[in-house]
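Asker: Got a structure here, written out as structure tokens. Questions coming.
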């Protein structure tokens, strides 16, 4: 990944910056210029809490080249308490455990690497809350 | 009063048992467990490194401190496994923690002492009034060559300490460092695994520096071993810190809480700092605490701390070291371990 | 707007066509279509293609293909909507003819996927790079999440999904141009290797090369070219949020619902008027979700309909008589055009063993990404 493209997304990837529409209160992650629900352009910058629950999920067995070493890996759509939905890998989780409704916490992890010489790309992965203790 | 206003640790959830490593190389696991006092060690996942461990530990430190991260004026990360040879770990960690941009950042390296080095500088800047808050982190995904004695100990984890002058959880009463040029353990630029001097790492290196630094700080602070409720010494294996403690006159009871090495392994720059975090997880107000690190090359940093009234109520805001050591773990086979530690050559 | 008819079709076999390049495939399909009606000179060409740039490093397909056909000089451009590129190209051509701007427009959907690229990576570029692909999601993975959501909400089972694959392979076995011409059993599907849970290899459409071409003209001129024109009675297109995470119910394809609704309205027909449909079964779950979104099944009832045999050839509403993407193959840019060709053959009564008796009205539903875009056409025998 070219580093400018990675760098540009740092606020949402590192700090879970999202937007709350000042007109209709819709929370969207990442922050965008235009509210997808009402079209308003005034958005308040918020940070998502690092908690959420799984809406739907899968375990990818055949991944893209960049993720060959990680497969099989869980990945899910997660809804945060603020109402934002985001996609993230699910780590430290047994495949049978990864089901709708699973309570998760978002941990900072390496997401991908550009080979042995390129930049390392960070972001968040979900971990079952049960893994915390 | 200057001291720790927030602290946190993180230990990855993968483990490998000493038996599993011993079996791989045809060694007798009983000898390892008895000789090095190592049961198992933490192993970083493919998605974990010094930066991710530092962020996790740093977040817990911020949760316990409850301060606005933009008030942090300095952030130092000590590690000998910074993911980049050139490009700081600290910038990633700062951005993730919401620290900066008005912040001084540096990555430290001093073998296993880099963590306390970061703490030492962070503390000094706060005490001098140069910055309001400063964070020092020690974290590593330690390297150890396959079929080397280090392979039984080299593990992953780290701890973060936020220093400040208000709402202190543990006051820093004294610091002391003892340093000499001693080539007991090293890794040359571009080399994948460190080398070490075998038994030379013991008496002239570990013991000389740990004992000298500890004696120095006891002398400087006018305290004696019996004055402390807890002490932690750098843990390259299970045996060395217990032997150092005994030579200095500390009892096993004083050492037990911080002696996390038998199930965590040696997290290098994170070793004694994580032991300190484990102590802060249980210490009571007014308990005196001693920490002495050791970094090959070689030096030891010592700190004397005293827990405050605030510590017990703040520690519940984040996970304890014990909960991470005893909580969810996934045991790896040696093959899985070799894969996640990227010891297998694949077509990438 | 003028009525628009399809007067000629051409299509390569779908499969791993190692001897054919992107432009070979295009020329084969285009020539076949033009030759069947005396090789007229079209006014313009639309090339439906998802990613010549990533698959074979070739962009700028409009002039490339016009030139390859000996037609340099005419208007030609590429239309892209990921796997719905073929449908979107037809829609563009349809409006060009309907508006009166052109009389004769050639549409060719083409994709060359087996040329050494990382197909998983290229296809993934139809998802949101920053919020989905970054995290390692694949297309099977996205549809697997749709499947899990459908299972959670409607009780759909792995067996229900497998039944779709079995049915479409049964249909494909009768299609001489299909990539897979063998029937498969439920057990084979359910024991095939796991791709993205719960989707196994035989729940997935294959990686294919192929091209498909149709020639459009005003209905009033259709008899100049053929005795059996097929009317494009309505076209509908819609989009949804790009990222699957942003859809309220991930198992409901709202772009398909809107596109089908618009097509029904434009055609002045209702779902119950249809005799057959070609739907975008890139994965087995997609066929079930499309049937529900396009009102061909009640919500949550598509699996029951499939199990009851209603969507099989001979059933009440045969779905994917061509074998679908699953068995016929899925050269992504060609798929939308190939779907329409199956309808043309059926509505002309030329579908051989696959013929739906007395087929009069059919629907082709083409879809891009995880359902972020969809194009629907309703075709009628004239």
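Residue numbers (the working numbering), protein chains in the order written: chain A, 92 to 224; chain B, 53 to 400; chain C, 24 to 405. Even glycine gets a Cβ: it sits at the ideal position worked out from N, Cα and C. The structure displayed is predicted, hence computed values, not measured ones.
1) Give a yes or no on whether the minimum CB-CB distance between residue 88(C) and chain A is below 9 Å.
2) Considering only C-alpha positions, which residue in the set 378(C), 398(C) and 368(C) is nearest to residue 32(C)?
3) Do the segment 290–299 of chain B and the segment 107–116 of chain B make contact, defined as three or more Cβ pairs closer than 8 Å?
4) Which of the residues in the segment 88–101 of chain B, read from start to end, lie with their CB under 7 Å from any CB of chain A?
5) Which word fits residue 160(C), buried or exposed, when buried means at least 16 other C-beta atoms lie within 10 angstroms of its C-beta?
6) Would you say the segment 335–342 of chain C touches the segment 83–91 of chain C, given that touching needs at least three Cβ pairs under 8 Å?
7) Are the CB atoms of residue 197(A) and residue 141(A) within a distance shorter than 9 Å?
8) Would you say residue 159(C) reaches chain A, if we count a Cβ-Cβ gap shorter than 9 Å as a contact?
9) Looking only at its chain, what residues have a beta carbon closer than 7 Å to the beta carbon of residue 177(C), apart from the 5 residues adjacent to it on each side?
10) Let me check understanding here. Comparing Cα to Cα, which of 63(C), 152(C), 216(C) and 67(C) lies closest to residue 150(A)?
11) For the candidate residues 125(C), 153(C) and 111(C), whose alpha-carbon lies nearest to that of residue 179(A)?
12) Compare the Cα-Cα distances from residue 63(C) to each of 277(C), 107(C), 102(C) and 128(C) and report the closest residue.
13) Specify the secondary structure class of residue 339(B) as computed by DSSP and reduced to three states.
14) Is any beta-carbon of chain B found at less than 9 Å from that of residue 131(A)?
15) Indicate whether the contact test is met: 3 or more Cβ pairs, each with one atom in the segment 248–263 of chain C and one in the segment 222–229 of chain C, closer than 8 Å.
16) If we require 4 or more residues per run, which alpha helix (DSSP H) segments fall completely within the segment 163–246 of chain C?
17) Output the distance between the C-alpha atoms of residue 65(C) and residue 194(A), rounded to the nearest integer angstrom.
18) Leaving aside the five residues before and after residue 355(C) along the sequence, list all residues of the same chain whose C-beta is less than 6 Å from its C-beta, in chain order.
19) Are residue 131(B) and residue 166(B) closer than 9 Å when you measure CB to CB?
20) What's the C-alpha gap between residue 213(B) and residue 117(A)?
21) Give me the Cα-Cα distance between residue 135(A) and residue 111(A), rounded to the nearest whole angstrom.
22) For the 8 Å Cβ check, are there 3 or more pairs between the segment 61–72 of chain B and the segment 86–93 of chain B?
23) Chain C beta carbons: is any one of them nearer than 9 Å to that of residue 177(A)?
24) Taking all protein chains shown into account, do 16 or more other C-beta atoms lie within 10 angstroms of the C-beta of residue 97(A), making it buried, or fewer, making it exposed?
25) Could you list which residues in chain D have their beta carbon closer than 7 Å to that of residue 158(A), in chain order?
26) In chain C, what lies closer than 7 Å to residue 154(A) by C-beta?
27) When you compare the CB positions of residue 262(B) and residue 352(B), do they come within less than 9 Å of one another, or not?
28) State the DSSP-derived secondary structure class of residue 388(C), mapped to helix, strand or coil.
29) Please compile the residues from chain A whose C-beta is within a distance smaller than 9 Å of the C-beta of residue 398(B).
30) Between residue 142(C) and residue 230(C), how many whole angstroms is the CB-CB distance? I'm expecting something under 8 Å.
31) How should residue 69(C) be labelled, buried or exposed, when 16 other C-beta atoms within 10 angstroms of its C-beta is the threshold for buried?
32) Quick one: using the 10 Å Cβ neighbour count with 16 as the cut-off for buried, is residue 397(B) buried or exposed?
33) Between which two residues does the beta strand (DSSP E) carrying residue 178(A) extend?
34) Answer with yes or no whether the minimum CB distance from residue 223(A) to chain B is below 9 Å.
35) Taking DSSP as the reference, what is the three-state secondary structure of residue 156(B)?
36) Count the other CB atoms, across all protein chains shown, that sit within 10 Å of the CB of residue 159(A); report buried if there are 16 or more and exposed otherwise.
Answerer: So, from the data block:
1) no
2) 368(C)
3) no
4) 97, 98, 99, 100 and 101
5) buried
6) no
7) yes
8) yes
9) 323
10) 216(C)
11) 153(C)
12) 128(C)
13) coil
14) no
15) no
16) 181–195 and 209–214
17) 59 Å
18) 73, 106 and 134
19) yes
20) 37 Å
21) 5 Å
22) yes
23) yes
24) buried
25) Protein chains in the displayed structure are A, B and C, and chain D is not among them.
26) 159 and 161
27) yes
28) strand
29) 159 and 160
30) 5 Å
31) buried
32) exposed
33) 176–181
34) yes
35) strand
36) exposed
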